[in-house]
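Per the numbering used here, the very first residue in the sequence shown carries number 1400; after that it's consecutive. Note that beta-carbon positions come from the ideal geometry of N, C-alpha and C, so glycine has one too. All of these numbers come straight from a predicted model, not from anything done at the bench. These notes concern the structure reproduced below.
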Amino acid sequence: MTPTTSPQDKPRTSASGHDLTPPSPDELQRLAALLSPDERRVLLHQGTEPAFCGGLLNNKKPGVYHCRLCDLPLFRSSAKFESGTGWPSFFEPFDAEHVVVRWDMSHGMSREEIVCGRCGGHLGHRFDDGPKPTGHRYCLNSASLKFVADGEAA
Ligand code: FE
């Protein structure tokens, strides 16, 4: 996993008011130790969970989906849709800076990988067959996410 910015960078704040300063290597190690083996495989080693197996696929509660590693809010439940793919799908991020897109040429495919805009944790991939208005389908691993229901503390 590669952080999207180096720790030496000045503190950055997103348009929605969240600190995007990447965790220090020590902090990242501390956070990674709290993950389950499956979460670690997905977030830190670009793993993919099997389709129709993730715990958040059928979650329809109102709330916000956060990065499981660093807790940055990534997607609102209002942007979640039923894609039929077997993975939680969203048509737009919580904040454009919170989800970073980069090319992934692994497995003989050319795909857009999505990573957390703060910690660089692997989230999933982005495809262009999503619904209007964005046409994007952000295809997520449940293991990358922590759901916080409206009215609940993060
Ligand atoms: Fe993160």
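Discussion item. Determine whether the beta carbon atoms of residue 1516 and residue 1468 lie at a separation below 9 Å.
Written reply: no
Worksheet item: Rounded to a whole number of angstroms, what is the C-alpha to C-alpha distance between residue 1531 and residue 1490?
Response: 8 Å
Practice prompt. Go ahead and pull the three-state DSSP assignment for residue 1433.
Written response: coil
Worksheet item: Is residue 1517 near the ligand FE, in the sense that its beta carbon is under 8 Å from a heavy atom of that ligand?
Response: yes
Worksheet item: Is the CB-CB distance between residue 1541 and residue 1487 below 9 Å?
Response: yes
Practice prompt. Whole angstroms is fine: what's the gap from residue 1452's alpha carbon to residue 1421's?
Written response: 30 Å
Practice prompt. Give a yes or no on whether the C-beta atoms belonging to residue 1500 and residue 1512 are separated by under 9 Å.
Written response: yes
Fill in: Secondary structure of residue 1554, DSSP reduced to three states
Limits of the chain in this structure are 1400 at one end and 1553 at the other, which puts residue 1554 out of reach.
Worksheet item: Helix, strand or coil for residue 1418 per DSSP?
Response: strand
Worksheet entry | Helix, strand or coil at residue 1340 according to DSSP, with G and I counted as helix | For residue 1340 there is no data in the structure shown, the boundaries of the chain being 1400 and 1553.
Discussion item. With a threshold of 8 Å on Cβ separation, who are the neighbours of residue 1441 within its own chain once the five nearest residues in sequence on each side are excluded?
Written reply: 1447, 1448, 1521, 1540, 1542 and 1543
Item to complete: Please name the residue in 1492, 1553 and 1538 whose C-alpha comes closest to that of residue 1485.
Response: 1538
Practice prompt. Taking all protein chains shown into account, decide if residue 1454 is buried (16 or more other Cβ within 10 angstroms of its Cβ) or exposed.
Written response: exposed
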